[in-house]
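Those letters in the sequence shown? Residues 61 to 592, per the numbering used here, in order.
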Amino acid sequence: MNKNLLIIIMINLCMPLFSKNICGEKILFNGNIFVEATRSIENKAISIKDQRINYIGELDEFKICKEEKVDLKKGYVFPGFVDAHAHLKGVGYRQLKLDLSNTSSKEEMLQRVKVYNDKNQNMQIIFGEGWIEKNWSDKTFPTRFDLDEINSDIPIILERADGHAFLVNSKALTLSNIDLVTKNPSGGEIERLSDGRANGILIDTAKNLVQQLIPAQTIEDEKNAFALGAKIYQQRGWTGMHDADSLFVEKIRIFENLDLDLKIHFSLNQEDYEHCIKGRRSIKIYADGAIGSRGAALFENYEDKDSKGLIIYDQNEVRQLLKNLYERDCQIQIHAIGDRGNSMTLDLYEEFLEDTNKDLRWRIEHAQNVTEKDQQRFKKYNVIASMQPSHAIGDLHFAKDRLGLERLDYAYAWKSFIEKGVVIVGGSDAPVEFGDPLQEYYAAVTRKDLTGFHDEGWNLQQALSREEALDIFTKWPAYAIFQEEDLGTIEVGKYADFSVFDKNILTIDNMDILDTKVVMTIINGEVVYTHE
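Have a look at this one:
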């Protein structure tokens, strides 16, 4: 038989098998793919089967395929970006409540409250959230007297963006019986005027003193907010997130059953630690407060206040909780921001991780102010640092006033952590920050604010390389929830989760990152968002 004829016959015989192997159920084409094998952008096509990447190859190889084809519109395809620390319900609620974010002055913030008050004359309480002074020229906190001028007949409660402080009016204080003799609760502070009267600022656990005034949300309210948050995240290009709300298991089960088209890892309230599930649910608690509201626990006083901040947890209770989690191979994530808060948390972790072969991947959330010695302990005990780049470029507008230049040398120390071999996962802490993956990526690689500004103490040497920044939002969030075999990189066999942008964020100029658009968001091979 003619040799060439034999070859043609063999190709035709093998074609159906070859087609079956590479074609899958859907073909993504006309895209620039960040392929993990080469760690570079390649003009490839991807086939998807059973929600996973089935094959990556040249477009010509897929000509034989009859399956559905999805045009990637020449977009740049990256592993799905995952927000490793955010509050999804809060993202939704921010759209549904009095939103006080992104104000340029105290006066603008108060004017929003006044307009809301004037439009809602029958309200029994005004509750708003999102105010923060970082972009104000006068960075002093408002007081209850500012709110009394707007309305002194009903309680007004305004939550600072970080969630660690309330600003309340006199009516709220009166209804909550907060007066000259009210003691600070453990882990909290009632800020006071020179004459001892409360000034309207309640820090951390002191917020609980007025909590009963805030109407409880119905489960339908919460489901709607959660679903809205998921939709917003899809539009921004996120394919997943680690929810940091510390919820009771009954609430988590409700949210897990919602059809949200977003991959969510939940954190449990410590009382429900028995319901932890490795890779799906961890436990979340708080060690201290925030730098902005001066609740983060420090070794030395704040530069602008005679206080070392607050420790919120009871060490003996946490020790018992860690024992229970260690015995169950469960993961914990502890919010710790100040150098003392981080050090005390590492002391507790050390008791269980010093001599163990267990792969627990315990986390510290924020890790904003960590001494050199304690950075080494992160590495020694394989503790994951869950950090939010946008916090740095926001906080650094006031962090020098709070911490001083010396402590800023080991604040928001992303590069130092990575150079020590510490795993960092990147998040946004939305709605504390906006919750945009491109803003977070920009912050990580520039360490400058959104206008390009930076100042003394911003320590630009702590900025990350483009690929390091990519990894903290893709590869390492998968590792942090024990799903590195299924998520985090573009490789055959992994889930087809992709964030598709219109520019190559690995090479474009810094400011162009902020102008980059989301072309589409793909989760399990399904296009859940397309930019119109």
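The beta carbon of each residue, even a glycine, is placed where N, CA and C say it ideally should be.
Under 8 Å between C-beta atoms of residue i and residue j
i           : j           : result
residue 488 : residue 500 : yes
residue 169 : residue 158 : no
residue 314 : residue 341 : no
residue 352 : residue 496 : no
residue 560 : residue 132 : yes
residue 463 : residue 429 : yes
residue 144 : residue 491 : no
residue 533 : residue 141 : yes
residue 579 : residue 562 : yes
residue 473 : residue 522 : yes
residue 247 : residue 372 : yes
Distance, residue j Cα to residue i Cα
i           : j           : result
residue 554 : residue 182 : 54 Å
residue 70  : residue 105 : Note on residue 70: pLDDT 47, under 50, position unreliable in the model; the coordinate value appears next. Going from the Cα of residue 70 to the Cα of residue 105 covers about 26 Å.
residue 305 : residue 166 : 28 Å
residue 582 : residue 320 : 13 Å
residue 263 : residue 431 : 25 Å
residue 335 : residue 90  : 44 Å
residue 338 : residue 541 : 7 Å
residue 506 : residue 211 : 43 Å
residue 74  : residue 101 : Residue placement at residue 74 is flagged as unreliable, the pLDDT there being 43, under the threshold of 50; a coordinate-derived value is accordingly withheld.
residue 113 : residue 103 : 16 Å
residue 466 : residue 519 : 11 Å
residue 179 : residue 187 : 14 Å
residue 585 : residue 86  : 8 Å
residue 445 : residue 375 : 21 Å
residue 397 : residue 223 : 14 Å
residue 76  : residue 121 : With a pLDDT of 41 at residue 76, under the threshold of 50, the predicted position of this residue should be treated as unreliable, and no value is reported.
residue 450 : residue 493 : 7 Å
residue 448 : residue 486 : 5 Å
residue 512 : residue 317 : 42 Å
residue 68  : residue 123 : Model confidence at residue 68 stands at a pLDDT of 46, short of 50, so the residue's coordinates are unreliable and nothing is read from them.
residue 482 : residue 202 : 39 Å
residue 572 : residue 530 : 16 Å
residue 388 : residue 411 : 16 Å
residue 172 : residue 207 : 11 Å
Pick from the options that is closest to residue i, judged by C-alpha positions
i           : options               : result
residue 99  : 351, 191 and 526      : 526
residue 588 : 296, 87 and 325       : 296
residue 426 : 393, 413 and 561      : 393
residue 441 : 450, 241, 421 and 328 : 421
residue 256 : 243, 247 and 213      : 243
residue 289 : 246, 221, 156 and 258 : 156
residue 185 : 148, 550 and 213      : 213
residue 452 : 368, 469 and 118      : 469
Boundaries of the beta strand (DSSP E) in which residue i is found, first to last residue
i           : result
residue 393 : 392-396
residue 230 : No beta strand (DSSP E) contains residue 230, which is instead part of the alpha helix (DSSP H) from 230-235.
residue 191 : 186-191
residue 597 : Nothing about residue 597 can be reported from this structure: the residues present for the chain run from 61 to 592 only.
residue 129 : 128-131
residue 144 : 141-146
Endpoints, alpha helix (DSSP H) assigned at residue i
i           : result
residue 282 : 279-296
residue 376 : 375-387
residue 401 : 399-413
residue 539 : 535-540
residue 461 : 459-468
residue 239 : Premise fails: residue 239 is in no alpha helix (DSSP H) and is neither H nor E.
residue 426 : That residue, residue 426, is in no alpha helix (DSSP H); its beta strand (DSSP E) goes 423-426.
Whole-Å CB distance - residue i paired with residue j, under 8 Å assumed
i           : j           : result
residue 216 : residue 229 : 4 Å
residue 235 : residue 204 : Not quite, the Cβ-Cβ distance comes to about 13 Å (not below 8 Å), so this is no contact.
residue 570 : residue 136 : Not confirmed; about 16 Å, so no contact.
Beta carbon proximity, residue i to chain C, threshold 8 Å
i           : result
residue 281 : Reference to chain C is not applicable here, since this structure consists of a single protein chain.
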